[in-house]
Amino acid sequence: MGTKQEIYSLDKSSPQLKELCEEYRANNRISPKDYELYNVKRGLRNPDGTGVMAGLTLICNVHGYLIADGERIPDEGKLTYRGIDINEIVDGCVRENRFGFEEVAWLLLFGKLPTREQLDHFTKVLSSCRELPEYFAEDMIIKAPSKNVMNKLARSVLALYSYDDNPDDPSLENNMRQSIQLIARLPTIMTYAYQVKRRHYDKQSMYFHPIDPSQSTAESILNAIRPDRVFTDEEAKLLDICMMIHAEHGGGNNSTFATRALSSTGTDIYSAIAAGIGSLKGPRHGGANHRVMMMMNELMEQVKDWKDEDEVAAYLEKILRGEACDHSGLIYGMGHAVYTLSDPRAVILRSHAKKLASEKGMLGKFELFELVEKLAPKVFTKVTGKTKVMCANVDFYSGLVYEMLGIPSDLYTPLFAVSRIAGWCAHRIEEMQTCGRIMRPAYRSLAKNRPYVPLAER
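Counting in my numbering, the sequence shown runs without a single skipped number right up to 461 at its last residue.
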């Protein structure tokens, strides 16, 4: 009789997996001092926190500081799309009482503001592309639900490759067609994925409303996620503002850089965009808005008087010391890699959120967010002993705005993705058309040469 085969478990708590991880840790240590010794710029950041220059772009500029005599000087944040201040774009659409995401998508893709005729035509083209390919929803979304909508977005984008008759053609014409279709379809994929997640994992009703081609992108999203399809024009236009300010943020942000890195290989657009989605899913990137709401909800439960600055500050100290929230030691939504004195996107959201908070009876909650924004830099200095200029970033207020709009937390980061895809596609095309060289940064090896030892002698 043969010997009984030993069963190995890869459970997180299993001794076998623990042993494998200990083996890894014993042989894979790199000292932080080695990074300094070899002048390695971790995170592609210079010693002063600025980003390593990795490319050129005409699409967007993110300004947050000045450099004088080699010193980084904090400055008010400024975000420009194709040279136009995002504040002017948002203010122009608000002043004319119209939706702006479609105009922003045109501006990012083509490099200039559209005429009324061009915008009307482009909006109709996007509307006509919202429907998914035949049986795509049934086969790729309903039959394969995911508890995480971002995961389903990435998988569905990859699956669209199989429904494209010409997926690998690198020409401008083909990339433009694919980009417009992806910008139009991603919101539909998101809302379908959310409905299937509700039914399969949350055991709630699932509903698929007909797509109304007369609606803007923001309206179509609210139409799809609300059971009664009822929403106000003000709500739709606030969501539209969120989409405008999330649509692009320069070539250096992680998800856009991932999209450009993959595009530099000449791979298909579906692979490149799926990489961007995977990057944005991370809690250090787009997933931060969800972490902000988790943190703030816990703070609201633990702090009795939301107006008491000392009590709020004391709880923020606990968060920074890793004694509260998720024990990460991070105040989510505070600080940014580029912005110092202000994040223009957060400023825009804060101004529009205050009015809605008053109307929704959530002014007390909004004022608590403002108080945390005010206290966080002081608490950071007290706990760490470091003086750091920091501001609230866009993630700090976006989750609150989505909550006031009745949007479920499952969609906070996916909404970021369906907005940012306009920027991803613009950068994808720019990378394909202007760079022409695969990205290939260097890594210094610290492994010492050693001989191979036969198995019997180890």
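Backbone N, C-alpha and C define an ideal beta-carbon position, used for all residues, glycine too.
- CA-CA distance, Y210 to Y195, rounds to 9 Å.
- Taking a contact as a CB-CB distance under 8 Å, the pair L122 and E141 does not count as one, their CB atoms being some 34 Å apart.
- At least 9 Å separates the beta-carbon of H288 from that of G426.
- Taken in chain order, the unbroken stretches of alpha helix (DSSP H) that lie wholly in the stretch 400-455 and span 4 residues or more are 415-437.
- Taking L175 as reference, the option from P454, E460 and E434 with the minimal CA-CA separation is E434.
- Nearest Cα to N169 within the set T262, D271, N90 and R98: D271.
- Assigned with DSSP and collapsed to three states, H66 falls in strand.
- Positions of the alpha helix (DSSP H) runs, each at least 4 residues long and wholly inside the stretch 113-169, are given as 119-131 and 152-163 in order along the chain.
- Within the DSSP bridge table, the entry for M209 names no partner.
- Counting the other Cβ atoms within 10 Å of the Cβ of G86 gives fewer than 16, which makes it exposed.
- According to the DSSP secondary-structure assignment, I76 is paired through a beta bridge with L69.
- When secondary structure is reduced to three states using DSSP, D313 falls in the helix class.
- One Cα belongs to I351, the other to C96, and the distance between them is close to 13 Å.
- The way I'd put it, the stretch 396-405 does touch the stretch 277-295; three or more beta-carbon pairs between them come closer than 8 Å.
- By the criterion of a C-beta distance shorter than 8 Å, C63 is surrounded in its chain by L82, T83, Y84, R85, L111, E251, H252, G253, G254 and G426, once the five residues flanking it on both sides are discounted.
- Straight-line measurement puts the Cα of F234 at about 20 Å from the Cα of P417.
- Between the stretch 339-349 and the stretch 316-329, the count of C-beta pairs closer than 8 Å stays below three; the two stretches do not touch.
- Taking the Cβ atoms as the reference, R423 lies roughly 13 Å from S182, outside the contact range of under 8 Å.
- A residue is called buried when at least 16 other Cβ atoms come within 10 angstroms of its Cβ; G367 does not meet this threshold and is exposed.
- Judged by DSSP secondary structure, E376 falls within the alpha helix (DSSP H) whose first and last residues are L366 to T387.
- Distance from the CA of K127 to the CA of G279, rounded to the nearest whole angstrom, comes to 26 Å.
- Scanning its chain for C-beta atoms nearer than 7 Å, with the 5 sequence neighbours on each side dropped, one finds around D243 the residues F102, G103, F104, S219 and A221, in chain order.
- In the structure shown, the three-state DSSP call for I87 is strand.
- Counting along the chain, G279 sits inside the alpha helix (DSSP H) bounded by residues I272 to L283.
- In this structure, V386 sits near R324, with a CB-CB distance shorter than 9 Å.
- Per the DSSP secondary-structure output, L82 pairs in a beta bridge with V65.
- Two segments are said to touch when three or more pairs of C-beta atoms, one from each, lie closer than 8 Å; by this definition the stretch 438-456 touches the stretch 259-275.
- Between the C-alpha atoms of D171 and A275 there is a straight-line separation of about 12 Å.
- For L163 and Q184, the gap between their C-alpha atoms comes out near 10 Å.
- For N300, the enclosing alpha helix (DSSP H) has its first and last residue at A291 to Q305.
- The alpha-carbon separation between Y318 and D398 amounts to approximately 20 Å.
- No residue range can be given for D329, since it is assigned to no alpha helix (DSSP H) and is classified by DSSP as neither H nor E.
- Out of T390, P190 and L374, the CA that lies nearest to the CA of S223 is found in P190.
- In the DSSP assignment, A360 falls within the alpha helix (DSSP H) that extends over P347 to K363.
- In terms of Cα proximity to K284, the closest of G46, R263 and S258 is S258.
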